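Q:
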Amino acid sequence: MNIHTLSKEKLDYKNGALPVALYPERMIKKDSEKRCYYGRILNRGKFDIETIAEDLVVFGSKRTKEQIIKDWNETCAAIIDRLINGASVEAEYFNFSLQVKGLFEYSQDIYKKGRNSIELQVRPTKKLKEMLDNLTCKVFLGKTITASIKNVYDGVSKCENKYITRGGFLKIKGENIRLFGNDERVGLYLVSESNEMDFIKLSQSQIINSLPSELHCIVPDDLNENQRYKIKIITQYMRTSKERKEPLVCESDFLLEVR
143 MNIHTLSKEK LDYKNGALPV ALYPERMIKK DSEKRCYYGR ILNRGKFDIE
193 TIAEDLVVFG SKRTKEQIIK DWNETCAAII DRLINGASVE AEYFNFSLQV
243 KGLFEYSQDI YKKGRNSIEL QVRPTKKLKE MLDNLTCKVF LGKTITASIK
293 NVYDGVSKCE NKYITRGGFL KIKGENIRLF GNDERVGLYL VSESNEMDFI
343 KLSQSQIINS LPSELHCIVP DDLNENQRYK IKIITQYMRT SKERKEPLVC
393 ESDFLLEVR
């Protein structure tokens with residue numbers, strides 16, 4: 143696909159492959175054990191009109207970047223003018239129209255902001271639908287976000303992955319281990335080697351710093367010196383401002399001796 147052929151009367155270009163990543167669906171319960179996947183289009187960036195204008199110039203447009211932007215703004219203004227005066231606009235690839243949302247209480251009622259609103263409806267034209275129908279997709283397994291603990295540094299003994307000092311300081315390194323989310327299970331745990339139900343969840347005051355790749359904490363004083371512990375982290379972190387619906391759980395592969 144290229145810019146030149148999009149503007150031709152006949153679409154003679156060859157479609158590229160739209161990248162679609164597959165992720166396991168965990169929200170829908172199935173009677174069988176067969177796992178289903180949902181597809182997500184791989185986002186290759188977000189571009190504004192200036193970037194598009196630059197693309198057109200690179201592809202050989204006779205107009206300057208500034209002229210392209212000016213023409214675009216004038217075209218948009220003309221479309222908006224038609225829309226706000228009650229018309230619909232068919233722009234070769236898209237149909238534009240406005241729609242009123244919200245119910246009116248009686249036949250002589252007036253438009254009220256808050257209850258009513260105006261929304262823009264954008265639908266593909268037949269020409270664009272045909273393009274989408276002929277679009278090929280490259281499907282691949284998407285990378286799911288997992289959490290992992292790589293190493294634990296004990297600030298008192300100055301050793302990695304070996305000791306944990308009561309009342310001391312730990313520096314935990316890993317991937318996606320930021321303590322994030324409102325689920326009551328989210329937190330940093332010290333789990334006993336002999337009994338997984340014997341654990342200590344660190345309080346918020348014992349967490350010094352929490353980042354996606356590094357976590358600092360103060361070790362509780364009440365650890366059993368005759369016991370070894372592993373680190374366990376539960377988080378709803380997913381690299382965005384939103385929290386995961388189902389928390390991630392990770393544990394250290396090594397056991398730490400109490401000092």
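Quick note on numbering: the sequence shown equals residues 143 to 401 in my numbering. For every residue, glycine included, the Cβ atom is placed at its ideal position computed from N, Cα and C. A quick note: this is a predicted structure, and the numbers were derived from the prediction, not measured.
Drop a sphere of 10 angstroms on the beta-carbon of D296, count the other beta-carbons inside from all chains shown, and report buried for 16 or more, exposed for fewer.
A: It counts as buried.
Q: Taking the C-alpha atoms as reference points, what is the distance between S334 and L398?
A: Cα-Cα distance, rounded: 10 angstroms.
Q: Does the beta carbon of T382 come closer than 8 angstroms to any beta carbon on chain C?
A: No chain C appears in the structure shown, which is made up of a single protein chain.
Q: Residues in the same chain with beta-carbon distance under 6 angstroms from E393, minus the five sequence neighbours each way, listed in chain order, please.
A: Around E393: K372 and K374.
Q: Mind checking I314: buried by the 16 CB within 10 Å criterion, or exposed?
A: The residue is buried, with at least 16 neighbouring Cβ atoms inside 10 Å.
Q: Here's the rule: buried if 16 or more other CB atoms are within 10 angstroms of the residue's CB, otherwise exposed. What is C279?
A: Exposed.
Q: Could you please give me the residues that DSSP links to A163 through a beta bridge?
A: Looking at the DSSP assignment, A163 forms a beta bridge with R182 and F282.
Q: Between which two residues does the beta strand (DSSP E) holding V199 run?
A: V199 -> not in any beta strand (DSSP E); alpha helix (DSSP H) instead, spanning I191 to V200.
Q: Is I252 helix, strand or coil by DSSP?
A: Reduced to three states, the DSSP call for I252 is coil.
Q: Let me know the beta strand (DSSP E) ranges lying completely inside the segment 300 to 357, each 3 residues or longer, listed in chain order.
A: Correct list: 311 to 317, 329 to 334, 341 to 343 and 349 to 352.
Q: What would DSSP say about R224, mapped onto helix, strand or coil?
A: If DSSP states are grouped into helix, strand and coil, R224 belongs with the helices.
Q: State the DSSP-derived secondary structure class of D296, mapped to helix, strand or coil.
A: Correct three-state label for D296: strand.
Q: Would you identify the three-state DSSP class for T377, choosing helix, strand or coil?
A: Strand, per DSSP.
Q: At what residues does the alpha helix (DSSP H) containing E385 begin and finish?
A: It is not in any alpha helix (DSSP H) - E385 carries neither H nor E in the DSSP assignment.
Q: Are V361 and I291 touching if we call contact CB-CB under 8 angstroms?
A: No; because the gap between Cβ atoms is not below 8 angstroms, this pair is not in contact.
Q: From this set, R401, N237, E388 and I376, which residue's C-alpha is nearest Q369's C-alpha?
A: Among R401, N237, E388 and I376, the Cα nearest to that of Q369 is on R401.
Q: Note down the Cα distance separating Y379 from S259, rounded to an integer number of angstroms.
A: So the two alpha carbons sit approximately 35 angstroms from each other.
Q: Please look up how many angstroms separate the CB atoms of C359 and L330, rounded, as I've assumed it's under 8 angstroms.
A: Indeed they touch by this definition, with Cβ atoms about 6 angstroms apart.
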